[in-house]
């Protein structure tokens, strides 16, 4: 029986990161993946969908008529677009494979073995592997990292066939742009796909939103801009609608909606996308056999990545906390560090995320909505993109920065939202300062390149300190700086 220091089950972002960190400690590592290296985050998630989004942005830019040029006769071919997306996935997957192959032959301090197969527990330290060719093997591992990822959630009353009624796993199986598409779920993924298909302009998109507005977890000012842009792009948002039924009829989709006022609507479209969250993958692992506990969500329970079985760790989507690739990688690395070092516990207050919408939205820390719900006082500065030189140069004037800090003299950063072009490039420094528990004085004194979008971050910090170049009173509606106590706004500076 082969013995290993670390067995990593799952080769997605979390598992891959854990295996690489194990080599840093000079450990003998085995990485087991049943399908493809990269997991769902690569093949049906972050990279694939964001490549779709980038291509759709190219179309939007090509159609603009305010840039001194006009385009005609644009021809869109869905299958060719899908091929480009698949090429991007193949390129990244090949990078992962090349590194694994190199490290299996040339690892210095530690050693790596990659096995394509299905793993299951015999005991907490003995793992059974059923390989792709049908061969079987049992290994011993001192520590185990469960990083088996997640899959799209399916609803029992909706007959998902991955042909006409699909999840995000089957988007790339279409052979043409559907003439019409209904999306169930107005969270990030649903809104991203509504943005993508409406950007291409070949599909009439319908979005079913049970809540009064889309993106209910985000601040209203962000949700309103996104909703307005979707509707301007031709998307029909069924607000406050409850799905009564959805079924396949004559190779199309018929869905019935009901409303609180008693109305009932029947619609028919070519395709349907179900986007109602994800569920963790751990069926067949045998975790019940060794007594691993689950949480109230039915995911694996962990404390700072460690399960109730001390040598077994759970990372990424298996714990169903924050389903983001960057979080998965951090957790995978942290689990290995807990085995062989004494790291500080993970904190999630500075986790940053990007929503690929129109325009893109970057977030870090808490938002206003959360603070108001908890009754926590805060101060906030907001700057419109139309005042930022780089945005003016790009002719990308829609968007804003919003920085949220504690309501005291320290003004520690609680969170930030950036909405607009290059938004995702503006939040790293804020994330670091949240992690360090710092205030905004450092941000206000940084020297930013000019012209750059990040200058808006600096100006928000200066506003909160009362020394901004752009004065709020001179640009009513485009600048604001106030404190919120008991959900009541109070102006901070009278200039």
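Residue numbers (my numbering): 3 to 497.
Quick reminder that beta carbons are idealized off the backbone N, C-alpha and C, glycines included.
Grab me the residues of residue i's own chain with a C-beta within less than 7 Å of its C-beta, minus the 5 sequence neighbours each way, in chain order.
i: residue 325; result: 152, 280, 319
i: residue 41; result: 12, 13, 14, 15, 151
i: residue 303; result: 295, 296, 297, 309, 310
i: residue 337; result: 20, 147, 307, 315, 317
i: residue 98; result: 18, 39, 40
i: residue 229; result: 215, 216, 239
Looking at the secondary structure, which residues open and close the alpha helix (DSSP H) in which residue i lies?
i: residue 80; result: 80-108
i: residue 60; result: 48-65
i: residue 430; result: 430-438
i: residue 413; result: Where residue 413 is concerned, there is no enclosing alpha helix (DSSP H), given that its DSSP letter is neither H nor E.
i: residue 495; result: Residue 495 -> no alpha helix (DSSP H), and no H or E assigned at all.
i: residue 404; result: Element bounds for residue 404: not the alpha helix (DSSP H) but the beta strand (DSSP E), 402-408.
i: residue 227; result: 222-234
i: residue 238; result: Unbroken run through residue 238 is the beta strand (DSSP E), 238-241; no alpha helix (DSSP H).
i: residue 76; result: Premise fails: residue 76 is in no alpha helix (DSSP H) and is neither H nor E.
i: residue 463; result: 457-467
i: residue 23; result: 15-26
i: residue 45; result: 41-45
Return the first residue and the last residue of the beta strand (DSSP E) that residue i is part of.
i: residue 274; result: 273-276
i: residue 133; result: 128-133
i: residue 484; result: 481-487
i: residue 205; result: Looking at the DSSP string, residue 205 is not in any beta strand (DSSP E), and its letter there is neither H nor E.
i: residue 6; result: 4-11
i: residue 282; result: 280-282
i: residue 265; result: No beta strand (DSSP E) contains residue 265, which DSSP labels as neither H nor E.
i: residue 298; result: That residue, residue 298, is in no beta strand (DSSP E); it is neither H nor E in DSSP.
i: residue 316; result: 314-316
i: residue 35; result: 30-35
i: residue 427; result: That residue, residue 427, is in no beta strand (DSSP E); it is neither H nor E in DSSP.
i: residue 245; result: 244-251
i: residue 185; result: 182-186
Which value, in whole angstroms, describes the spacing of the CA atoms of residue i and residue j?
i: residue 222; j: residue 292; result: 46 Å
i: residue 261; j: residue 255; result: 20 Å
i: residue 214; j: residue 80; result: 33 Å
i: residue 333; j: residue 48; result: 17 Å
i: residue 83; j: residue 184; result: 21 Å
i: residue 484; j: residue 424; result: 26 Å
i: residue 468; j: residue 476; result: 14 Å
i: residue 18; j: residue 96; result: 14 Å
i: residue 1; j: residue 158; result: Residue 1 lies beyond the stretch modelled for the chain, which goes from 3 to 497, so this question has no answer here.
i: residue 144; j: residue 125; result: 11 Å
i: residue 272; j: residue 193; result: 19 Å
i: residue 453; j: residue 141; result: 57 Å
i: residue 355; j: residue 406; result: 16 Å
i: residue 57; j: residue 88; result: 13 Å
i: residue 359; j: residue 226; result: 12 Å
i: residue 444; j: residue 235; result: 40 Å
i: residue 231; j: residue 341; result: 48 Å
i: residue 274; j: residue 85; result: 22 Å
i: residue 473; j: residue 412; result: 22 Å
i: residue 395; j: residue 134; result: 54 Å
i: residue 479; j: residue 171; result: 42 Å
i: residue 491; j: residue 374; result: 11 Å
i: residue 462; j: residue 470; result: 8 Å
With a CB to CB cut of under 6 Å and the five nearest residues on each side skipped, what residues in its chain are close to residue i?
i: residue 486; result: 380
i: residue 322; result: 282, 299, 301
i: residue 28; result: 111, 112
i: residue 138; result: 132
i: residue 357; result: 190, 363
i: residue 23; result: 335, 338
i: residue 248; result: 160, 257
i: residue 207; result: 183, 196, 199, 200, 237
Which residues in the same chain as residue i place their Cβ atom closer than 8 Å to its Cβ, once the five residues preceding and following it in sequence are excluded?
i: residue 287; result: 11, 121, 122, 123, 148, 150
i: residue 1; result: In the structure as shown, the chain begins at 3 and stops at 497. Residue 1 is therefore absent and cannot be evaluated.
i: residue 211; result: 188, 239, 240, 241, 242, 243
i: residue 8; result: 20, 21, 24, 29, 30, 31, 32, 143, 144, 145, 146, 147, 338, 341
Check whether the stretch 159-170 and the stretch 22-37 touch, using three or more Cβ-Cβ pairs below 8 Å as the test. no
Specify whether the stretch 373-387 and the stretch 430-440 touch according to this definition: at least 3 beta carbon pairs, one from each stretch, less than 8 Å apart. no
Flag this pair as touching only if the stretch 352-370 and the stretch 414-430 have three or more C-beta atom pairs under 8 Å; answer yes or no. yes
Contact between the stretch 105-114 and the stretch 282-300: three or more CB pairs below 8 Å? no
Are there three or more Cβ pairs, one per stretch, closer than 8 Å when the stretch 184-191 is compared with the stretch 303-311? The stretch 184-191 is not in contact with the stretch 303-311.
I'd like to know if the stretch 386-394 and the stretch 456-463 are in contact, where contact means that at least 3 CB-CB pairs between them fall below 8 Å. yes
Write down every uninterrupted run of the beta strand (DSSP E) in the stretch 120-170 whose length is 3 residues or greater and which is fully enclosed by it, in chain order. Entirely contained in the stretch 120-170, the beta strand (DSSP E) runs reaching 3 residues are, in chain order, 128-133, 138-148, 152-154.
Curious, which full-length beta strand (DSSP E) runs of at least 3 residues does the stretch 328-398 contain? Runs of the beta strand (DSSP E) inside the stretch 328-398: 354-357, 363-367, 380-386.
Would you check if the stretch 332-350 and the stretch 199-207 touch, i.e. whether three or more CB-CB distances between them fall below 8 Å? no
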